[in-house]
Each structure stands twice: as C-alpha cells, then as structure tokens.
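Add 7 to a position in the sequence shown, counting from 1, and you land on the number used in our numbering. Think of the CB as a built atom: it goes at the ideal place given N, C-alpha and C, for glycine as much as any other residue. It should be emphasised that the depicted structure is a prediction, and the values quoted were computed from it without experimental measurement. Below is one structure; the comments refer to it alone.
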Amino acid sequence: MTRWAIPLALLAALVLPACSGGADEDDDDGAGPGPSGQAVTISYVELQPETVTLTQRALGELRSRNDPRVAAEVSGAVKRLLVNEGDRVQAGDLIAELDEEDYVLRRDQAEADVKRFNARSALQELTVVRYRELHENNHVSSQELDEVEAELDVTREELAASRLALRAAERDLERTRVKAPFDGEIDERLVSEGDYVQTGTALYRLTTSDMLQVRVSFPETLATELEIGMPLKVRNRAARVSELETEITEIRPAISLDGRAIRAIALVENPGGWRSGSSVNVELILSEREGLTVPRQALVQRPDGDTVYVLDADDETVEARRVEVGQRTADWVEILDGLEAGDKVAVDGAGFLTDGASVNASPQEGDDEQ
C-alpha cells in the first residue's frame with residue numbers, strides 16, 4: 008500500500024455519510040400543507056340565515072334644539088348682567104336688565120295721553136247729548152249736530168290709538184328686563200355691563216341640554232332614499248352613555264354645493280354628558296333583509312376573484328368557491344351568491360388553503376356545529 012492509500016480511504020469514509028444525510032433532508036422538505044403534504048389546521052363556521060342590515064355611516068354634529076342666542080328686544084345701555092357662563096337658568100328667569108329710564112318716560116307720556124283723550128271723549132259725549140236735545144227743539148241745525156258727532160268719533164279714535172301706544176310703551180319697558188326664553192345653560196356672555204346694544208344684539212349664548220338636534224350630511228346619491236322616520240344610531244364616545252337610537256325628523260330640500268351632500272336632522276334626548284357642538288358618529292339604517300354572512304377573514308382574494316373554502320362532507324378536505332359579495336363591515340361580509348345555509352366555511356387559516364386541501368377542522372369558538 009502506498010503512503011496515500013490510508014488518507015484516501017479515510018476521506019471516502021467521511022464524505023459518503025455526509026452525502027447520504029443531505030438526501031434525507033431533501034426528502035423531508037417535500038412534505039407541506041395542502042393536498043401534497045400534511046393537513047392544514049383551520050376553524051370554521053356553519054352558515055345560518057340572519058338579518059343583514061344595510062347602513063350608511065357619516066359624521067354628525069350635536070346642536071341645541073332651540074336658537075342658542077338670547078337677543079335684546081329693545082335698544083339701550085346694558086344696566087346689569089345677572090348670570091354668568093355655566094349658570095343654569097329656567098324659562099322666565101331674569102338674566103339681564105337694560106337702562107329703562109327712557110322707556111319709563113315713554114310709558115308715562117302714553118298714560119297721560121290716554122287720560123287726556125279719555126277726558127276729551129267724555130266731554131264730547133256730553134256735548135253730543137246736549138246738541139241732540141237742542142236739535143229736537145230746533146235750536147241747532149242738523150249740520151251743527153253732525154259736526155259735534157264727528158268730533159266725538161275722532162276723539163274716540165284718538166283715545167283708542169293712545170291706549171295702543173300705552174300698551175306698546177309698557178311692552179317696551181318690560182322688554183328692558185331680559186328673561187331666559189327656555190330652560191338651559193349659559194354657554195357664553197356676549198356683552199358687558201355699560202355696552203349700548205341695538206334691538207337684536209345677542210346678549211348670551213344659551214344652550215339646552217335636555218333635547219339636542221343631530222345634524223348629519225349624507226352623500227347626494229342617497230337623496231332619493233332618505234325618508235322621514237328612517238332609523239339612526241348615534242354614537243358619542245366622549246359620553247358615559249355612548250349610543251342612542253333615534254329617527255330622521257327633517258330632511259333639508261337643497262343639496263349643498265360645496266360637499267354635494269344632503270342634510271338630515273334628528274332629535275335625541277340627552278342622557279347626560281352630551282354637549283352642543285360635539286361631533287358624533289351616525290349610522291343610517293337603509294334596509295334590513297335575510298341573508299348569509301361570513302367572517303371577514305374567511306374571504307380570500309384569489310386570481311379568480313373573491314373566494315371562500317367550504318368543507319366537504321367528510322370535513323377533511325375543502326372546496327374553493329367563487330362568491331359574489333354585498334355589504335361589508337369591519338367584521339363580516341355579506342354573501343349574495345355562491346354559498347348556501349348549512350355550508351361550513353373555513354375561517355382561521357383560510358388564507359393558506361387551496362382547492363382540495365386536506366384540513367384538520369374544528370368549529371370556531373362561539374360557533375356550535377349543528
């Protein structure tokens with residue numbers, strides 16, 4: 008044996024086992040999920056007919072049901088402001104006073120006019136009585152009698168006008184005392200004491216808390232579908248009671264040019280903590296119908312389109328089915344065509360399946376197999 012024989016034999020002994028081990032590993036890699044390998048573990052749900060609700064979601068705003076601004080009904084200097092921001096008021100509460108001096112003078116003048124015309128009317132009535140007696144005795148002419156009777160009519164009209172002027176003066180004097188038009192909370196004080204205000208100047212912003220308007224804009228494509236009485240769900244995550252149900256009470260006829268939207272209005276009774284000006288999420292219930300739905304993760308995108316995997320009768324293999332979908336939400340998808348009640352649809356693990364794949368299937372938690 009030459010000196011190279013022993014090293015060559017040793018090298019062959021080391022290389023051959025290594026090559027043999029590599030071939031075994033390649034054989035193991037050939038097994039995998041699906042029909043050519045081991046079964047895929049999945050969960051499934053058994054489909055049953057249920058009510059599918061078609062909805063439209065939008066962002067809305069809470070507004071006071073009543074006009075929130077309390078305005079001066081007469082002009083004058085602000086004498087006293089009797090409430091502050093955050094104060095609760097009842098309808099009829101005195102909340103501000105305007106300088107009443109000029110209005111007192113007008114009232115007094117109107118009272119004096121009423122007294123003067125009342126006295127003149129009484130005197131003229133006596134004159135008419137006397138002239139009628141004289142006319143009966145032919146001491147005055149018919150023309151003279153007609154003249155004093157006409158003067159009595161004019162005096163009576165002046166008396167009636169003076170009484171109306173007195174009522175207007177008394178009303179204006181009363182309006183210098185500004186009262187809350189409805190129950191609510193003072194949201195903002197808009198003037199200061201000493202300011203001179205005109206008729207119509209806003210003094211306070213007053214918000215109601217018992218009943219609120221929900222104003223929401225929907226796409227103009229829904230204009231022909233919106234109707235008074237359609238149900239709404241209103242969600243306010245900032246409040247303790249976060250969801251209320253109501254219905255549309257008003258639909259504005261015009262479509263806004265800026266947002267191409269149509270506005271609807273609803274009323275909600277404040278459960279506490281809901282404030283005017285807050286944003287709310289609104290869900291419009293368009294329709295409800297019987298149908299089938301699958302969990303969102305059961306729907307798989309394949310080159311042929313939307314696909315779900317349905318368990319065969321033996322519950323050991325699956326069949327790929329092309330489906331037509333309808334309404335979608337974050338949790339489920341409506342199936343319009345391609346599935347039937349009683350079908351068992353793969354959910355967890357559906358994305359790893361192919362048509363005819365072997366599976367280890369178990370009902371999804373919360374779903375009882377029938």
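Distance check between Q304 and each of Q45, A46, V47, Y51 places Y51 closest, using alpha-carbon atoms only.
In this structure, E151 lies away from Q131, with their beta-carbon atoms at least 8 Å apart. Contact between the region 85 to 94 and the region 349 to 360 is absent: fewer than 3 CB-CB pairs across the two stretches fall below 8 Å.
Beta-bridge partners of G266 (DSSP): none assigned.
DSSP, reduced to helix, strand and coil, places D153 within a helical segment of the structure shown.
Rounded to the nearest angstrom, the Cβ distance from S286 to S71 is 15 Å, too far for a contact under 8 Å.
The region 219 to 267 contains, as complete beta strand (DSSP E) runs of 3+ residues, the segments 238 to 242, 250 to 262 (chain order). DSSP assignment within the region 265 to 351 yields the following whole beta strand (DSSP E) runs of 3 residues or more, N-terminal first: 268 to 276, 286 to 302, 307 to 309, 312 to 318, 325 to 329, 331 to 335, 339 to 344.
Annotated three-state conformation of T162 is helix, per DSSP. The beta-bridge partner set that DSSP reports for A119 is empty. Taking 8 Å as the cut-off, the Cβ atoms of L346 and R328 count as close. Per the coordinates, the alpha-carbon of A46 lies some 16 Å from the alpha-carbon of V352. In the DSSP annotation of this structure, N144 is not part of any beta strand (DSSP E), being labelled neither H nor E.
Burial is judged here by how many other beta carbons sit within 10 angstroms of a residue's own beta carbon; P226 has fewer than 16 and is exposed. Proximity of the region 55 to 66 to the region 164 to 178 falls short of the contact definition, fewer than three beta-carbon pairs being nearer than 8 Å.
Q131 carries a helical assignment under DSSP once its states are collapsed to helix, strand and coil. Of all alpha-carbon atoms in L89, D194, S149, T253, the one lying nearest the alpha-carbon of V275 is that of T253. Taking all protein chains shown into account, D350 has 16 or more neighbouring C-beta atoms within 10 Å of its C-beta and is therefore buried. Beta-bridge partners assigned by DSSP to I193: L213. Per the coordinates, the alpha-carbon of N288 lies some 29 Å from the alpha-carbon of E331.
Rounded to the nearest whole angstrom, the C-alpha separation of L180 and G279 is 38 Å. In the DSSP assignment, the residues bridged to E57 are G298.
Of E104, D321, S369, P56, the smallest CA-CA separation from V204 is found for E104. A Cβ-Cβ contact shorter than 8 Å links G67 with V221.
DSSP, reduced to helix, strand and coil, places S82 outside both helices and strands of the structure shown, so it counts as coil. Per the coordinates, the alpha-carbon of I269 lies some 31 Å from the alpha-carbon of E57. Of the residues assessed, V248 falls on the exposed side of the cut-off, its CB having fewer than 16 other CB atoms within 10 angstroms. With a cutoff of 8 Å on beta-carbon distance, R182 and L197 are scored as not near each other. For W339 against L69, the beta-carbon gap comes to about 30 Å, at or over 8 Å, which does not count as contact. Distances from the CA of D321 to each of V354, V111, L54, S365 were compared; the closest alpha carbon is that of S365.
Spanning the alpha carbons of N243 and V315 requires a straight line of approximately 36 Å. Counting along the chain, R184 sits inside the beta strand (DSSP E) bounded by residues 184 to 186.
In this model, T228 and L173 are separated by some 57 Å (Cα to Cα).
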